[in-house]
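Asker: Those letters in the sequence shown? Residues 6 to 312, per the numbering used here, in order.
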Amino acid sequence: MIQYYHSTSAEHASSQLNGIVYLNPRVSIIHKSHIEIIPTIVISASKHGIERGDSRTRRLMQNLSAHNNQTNKKLDRYSHMRINDIDKFDYIYEGDMERITKDVQLEGIVSLDLSLPYPSSKKDLCTGLTNALCSSLPNALSRVLPNLLEVDLSNNTFLNYTTLREFSKNCHLLEKITCHNIKEDFQLSLDGSKISLSDHLKEIYMDNSFFCYTYTQETDFSDLTNPTLTKYFLFHHCCCKILLERVSIRNAQWCNYRWGNKPSSIPQNALIKFVRNVPSLRWFRSDLTQENKNMLRLERPDMELLN
């Protein structure tokens, strides 16, 4: 069902179609004295089951395409998209994804919320499919939101790094990535390689998340003395061409999954090296000790360092 709520007055108008999508406004308080109404598309899986051989993901993309064409791109009025029940949207083949997304472009959407309200349990998600198979809907959405600036994937333990890679590849204007509470199976690398195609990225928020590293990265990222290793530091693959301004990796841990070692806190030297090698950085939240924050403030008085 698609519902429109026009909040320019107390009166609400609505229309219904196709039993799968819900649209309504979101009210965001920007300042105490200012309230901004953000037109929002809220997408939820139908409460009814699907027939054998059918696909919620395929049906959703087809409905968005048909509905947008029928209403002269009416959906372009909406700037924010929120997906509920993302775990109920199933896998579709790559060929199907290309075919059903090629005629869908939601040019008005600049922010996308795929987060869950709390860290998800993989046990009951995506009908038992693997992480790679569960990423069909996020990957499909990355292809139809050309003007996306922000994406939130927090608490989604059933996704993996390919989701970030697809948003980086397909959403060229992306400025802000939020991925709080991402666990080991996401296989998110701290070198920034999975988001290296983002040319405009300014903000990264990944608190309470797990990262992976290779054998050499463990030492390279923390080396503060060897001049040949200066270019190797946290997120170095994306920092070489973008101007990161705000990064948060508070309570983050890393480990080498191939070696099977236990996750541990990111070393202090790795955090220090990151600050020293990203001159555009203005705000950094991490587990830096007070002593190291004091030292870095002398080097970078323009930067805000938080825990």
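Beta carbons are placed, not taken as given, at the ideal position from N, Cα and C, and that holds for glycine.
Could you have a look at Thr45 and say whether DSSP puts it in helix, strand or coil?
Answerer: strand
Asker: Can you grab the Cα-Cα spacing for the pair Gln273 / Leu248, in whole Å?
Answerer: 23 Å
Asker: Measuring alpha carbon to alpha carbon, tell me which residue in Ser140, Ser285, His241 is nearest Asn161.
Answerer: For Asn161, the closest of Ser140, Ser285, His241 by C-alpha to C-alpha distance is Ser140.
Asker: Just to confirm, is the Cβ distance from Ser203 to Leu179 under 7 Å?
Answerer: yes
Asker: Identify the continuous alpha helix (DSSP H) that holds Tyr83 and give its terminal residues.
Answerer: Careful: Tyr83 lies outside any alpha helix (DSSP H) and carries neither H nor E.
Asker: Can you give me the C-alpha to C-alpha distance between His205 and His177, rounded to a whole angstrom?
Answerer: 7 Å
Asker: What separation, rounded to the nearest whole angstrom, lies between the Cα atoms of Pro151 and Lys267?
Answerer: 39 Å
Asker: In the DSSP assignment, what are the bridge partners of Cys245?
Answerer: According to DSSP, which records beta bridges pairwise, Cys245 is partnered with nothing at all.
Asker: Three or more C-beta pairs under 8 Å: does that hold for the region 284-296 against the region 225-240?
Answerer: no
Asker: Scan the region 137-211 and note each continuous beta strand (DSSP E) run of 3 residues or more that stays entirely inside, going in chain order.
Answerer: 155-157, 181-183, 208-210
Asker: Rounded to whole angstroms, what is the Cα-Cα separation between Gln295 and Leu303?
Answerer: 13 Å
Asker: Take Lys246 as the anchor and find which of Lys207, Glu223, Ile277, Val252 has the nearest alpha-carbon.
Answerer: Lys207
Asker: If we count the other Cβ atoms within 10 Å of its Cβ and call it buried at 16 or more, is Ile40 buried or exposed?
Answerer: exposed
Asker: Which residue wins for smallest C-alpha separation from Asp225, given the options Ala275, Pro124, Ser116, Ile105?
Answerer: Per the Cα distances, Ala275.
Asker: Just the C-alpha distance for Met300 and Arg148, rounded to the nearest angstrom, thanks.
Answerer: 44 Å
Asker: Give every residue of the same chain whose Cβ lies closer than 6 Å to the Cβ of Ile209, excluding the five residues on either side of it in the sequence, and list them in chain order.
Answerer: Ile182, Val252
Asker: My output table needs one value for Ser270: the three-state DSSP class, helix, strand or coil.
Answerer: strand
Asker: So Glu309 is in the beta strand (DSSP E); what residue range does that whole segment cover?
Answerer: Counting along the chain, Glu309 sits inside the beta strand (DSSP E) bounded by residues 309-311.
Asker: Determine whether the beta carbon atoms of Ile42 and His85 lie at a separation below 7 Å.
Answerer: Not closer than 7 Å, so no.
Asker: With C-beta atoms as the reference, is Ser214 less than 7 Å away from Ala257?
Answerer: yes
Asker: Use the C-beta contact count for Thr62: other C-beta atoms within 10 angstroms, 16 or more gives buried, fewer gives exposed.
Answerer: That one is buried.
Asker: Could you give the distance in angstroms between the alpha-carbon of Asp157 and the alpha-carbon of Ile187?
Answerer: In this structure, the alpha-carbon of Asp157 lies about 11 Å from that of Ile187.
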